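For reference, the structure discussed in these notes is given below.
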Amino acid sequence: MDIKRLVKEVAYGVKSAVRPFLGTEFAKEIEKIAYSGDVSYGIDMIAEREVRRMLEPFVDRGEICYCTEDEGLVKKGNPEYLLVIDPIDGTRSAAAGLEACTVSIAVSPFYEDPKYHDVFLACILELKDDRMFWAEKGKGAWVEEGERIYEPTPTEPDSLDGLFWSLGFVGRPARWVSICMENLINRSAMRGGFFVLNSCTYSLTRILRGQFHAWIDVGNRLYRDFPELRDEFHEITRGKPVGMFPYDLAAVNLILREAEIPITDAYGVSYDDRSLLDWSINGLVSGVSAATKRLHAEIMVEIENGLRRLEEILRKN
2 MDIKRLVKEV AYGVKSAVRP FLGTEFAKEI EKIAYSGDVS YGIDMIAERE
52 VRRMLEPFVD RGEICYCTED EGLVKKGNPE YLLVIDPIDG TRSAAAGLEA
102 CTVSIAVSPF YEDPKYHDVF LACILELKDD RMFWAEKGKG AWVEEGERIY
152 EPTPTEPDSL DGLFWSLGFV GRPARWVSIC MENLINRSAM RGGFFVLNSC
202 TYSLTRILRG QFHAWIDVGN RLYRDFPELR DEFHEITRGK PVGMFPYDLA
252 AVNLILREAE IPITDAYGVS YDDRSLLDWS INGLVSGVSA ATKRLHAEIM
302 VEIENGLRRL EEILRKN
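Residue 271 in our numbering sits at position 270 of the sequence shown, with consecutive numbering throughout.
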């Protein structure tokens with residue numbers, strides 16, 4: 002089967018299905034709590050139904066299996082491929098009719114416990130613009146925009162003062178994230194740009210385009226390193242903590258790595274050996290990406306300093 006063609010058709014199928022609903026009141030209606038623990042809005046359900054409609058024949062024939070935020074793993078028989086799909090990354094932007102929303106699809110061979118490093122094909126399509134990001138393992142990354150195809154164009158600031166970057170916030174206790182990252186926020190707020198877009202794939206693909214220099218999400222590191230904060234995480238999400246699962250990062254991880262752009266968790270560790278199918282609390286991750294290795298290292302220093310500052314404040318309290 003032509004797996005690349007299928008991926009592209011599914012991505013555009015989702016886009017066509019949800020685009021009429023972007024920014025509508027229906028899009029904002031909360032339908033249920035997804036398999037991941039996050040809220041599913043009306044527009045999420047449209048995207049999920051379109052994925053199911055398009056892929057069900059392939060699943061029934063045992064050719065592929067897939068997993069999404071809402072459904073988890075959908076599988077019959079012994080399929081050749083696993084598709085890890087986030088039908089809408091940036092649901093809140095989609096519900097508001099903003100640009101920061103994408104459909105994200107990663108493909109790996111299917112076996113009992115596939116890892117991030119098994120992903121060999123990745124695609125991210127913007128839902129409001131005709132721009133698609135691709136990577137094939139060992140063949141590089143590229144951007145398709147209409148008839149134009151071009152390579153990623155990351156850029157690096159002269160210093161952190163001029164950093165343009167995005168920070169993950171949804172489902173994370175805002176005061177503790179802010180304390181951890183306050184020095185970088187303050188440094189970059191005037192001469193650079195600090196953004197909260199609520200879509201990791203949209204933020205990370207801005208690095209590929211040279212619009213952003215970096216993206217950071219320290220939430221899961223705070224959850225792991227400071228057990229005394231976990232009740233606050235649970236209170237915000239009313240139970241199961243949310244964060245970044247494989248469906249958030251599997252595609253963009255390959256695209257960035259093929260573009261030679263560093264991406265790790267907030268400990269500086271690659272995702273490569275993590276499971277694509279672990280959607281438990283242990284499967285949640287933090288994240289840091291930057292246009293260059295030097296910039297990534299500088300940001301890691303800022304994170305470590307922020308964690309020490311947070312630790313001191315918690316100790317005093």
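For every residue, glycine included, the Cβ atom is placed at its ideal position computed from N, Cα and C.
Keep in mind that this is a model prediction, so the values were computed, not measured.
Could you pull out every residue in the same chain whose Cβ sits closer than 8 Å to the Cβ of residue i, ignoring the five residues on either side in sequence?
{"i": "residue 186", "result": "168, 179, 195"}
{"i": "residue 101", "result": "91, 94, 198, 199, 200, 203, 204"}
{"i": "residue 154", "result": "209, 210, 211"}
{"i": "residue 115", "result": "83, 109, 276, 277, 278"}
{"i": "residue 64", "result": "2, 80, 81, 82"}
{"i": "residue 151", "result": "143, 144"}
{"i": "residue 237", "result": "172, 173, 174"}
Considering only DSSP beta bridges, list what residue i is partnered with.
{"i": "residue 194", "result": "165"}
{"i": "residue 75", "result": "67"}
{"i": "residue 124", "result": "106, 135"}
{"i": "residue 218", "result": "288"}
{"i": "residue 84", "result": "67, 108"}
{"i": "residue 141", "result": "137"}
{"i": "residue 116", "result": "276"}
{"i": "residue 151", "result": "144"}
In three-state terms, what does DSSP make of residue i?
{"i": "residue 295", "result": "helix"}
{"i": "residue 330", "result": "Any answer about residue 330 is impossible in this case: the structure gives the chain only from 2 up to 318."}
{"i": "residue 101", "result": "coil"}
{"i": "residue 280", "result": "coil"}
{"i": "residue 94", "result": "helix"}
{"i": "residue 146", "result": "strand"}
{"i": "residue 271", "result": "coil"}
{"i": "residue 1", "result": "In this structure the chain extends from 2 to 318, so residue 1 is not present and cannot be described."}
{"i": "residue 17", "result": "helix"}
Give the single residue among the options whose Cα lies nearest to the Cα of residue i.
{"i": "residue 259", "options": "140, 301, 268, 145", "result": "140"}
{"i": "residue 19", "options": "96, 7, 293, 85", "result": "96"}
{"i": "residue 72", "options": "135, 88, 61, 285", "result": "88"}
{"i": "residue 147", "options": "131, 236, 220", "result": "131"}
{"i": "residue 166", "options": "22, 311, 310, 297", "result": "297"}
{"i": "residue 182", "options": "274, 310, 41", "result": "310"}
{"i": "residue 56", "options": "74, 44, 226, 29", "result": "74"}
{"i": "residue 47", "options": "136, 117, 226, 31", "result": "31"}
{"i": "residue 99", "options": "285, 189, 287, 29", "result": "29"}
{"i": "residue 61", "options": "51, 313, 78", "result": "78"}
{"i": "residue 299", "options": "287, 267, 192", "result": "267"}
{"i": "residue 244", "options": "227, 272, 252, 286", "result": "286"}
{"i": "residue 25", "options": "14, 231, 42", "result": "42"}
{"i": "residue 303", "options": "318, 314, 269, 274", "result": "269"}
{"i": "residue 253", "options": "70, 135, 15", "result": "135"}
{"i": "residue 271", "options": "251, 281, 280, 282", "result": "251"}
{"i": "residue 129", "options": "219, 103, 12", "result": "103"}
{"i": "residue 149", "options": "191, 53, 17, 133", "result": "133"}
{"i": "residue 175", "options": "192, 160, 161, 223", "result": "223"}
{"i": "residue 274", "options": "117, 53, 52", "result": "117"}
{"i": "residue 308", "options": "233, 226, 282, 232", "result": "226"}
Can residue i be considered in contact with the ligand FMN, in the sense that its beta carbon sits closer than 6 Å to one or more heavy atoms?
{"i": "residue 74", "result": "As presented, the structure is devoid of all ligands, the ligand FMN included, so that no description of it is given."}
In chain order, what residues of the same chain lie with their CB nearer than 7 Å to the CB of residue i, ignoring the 5 residues before and after it?
{"i": "residue 5", "result": "122"}
{"i": "residue 290", "result": "205, 208, 215, 216, 257, 262, 263, 264"}
{"i": "residue 157", "result": "214, 292, 293, 296"}
{"i": "residue 44", "result": "19, 22, 28, 89, 92, 95, 96"}
{"i": "residue 235", "result": "242"}
{"i": "residue 246", "result": "37, 280, 284, 285"}
Using a Cβ-Cβ cutoff of less than 6 Å, which residues in the same chain neighbour residue i once the five nearest sequence positions on both sides are dropped?
{"i": "residue 23", "result": "95, 98"}
{"i": "residue 59", "result": "65"}
{"i": "residue 248", "result": "70, 85, 87"}
{"i": "residue 173", "result": "220"}
{"i": "residue 124", "result": "8, 12, 106, 135"}
{"i": "residue 127", "result": "103"}
{"i": "residue 301", "result": "269"}
In chain order, each alpha helix (DSSP H) run of at least 4 residues that lies wholly inside the stretch 242 to 268:
247 to 259
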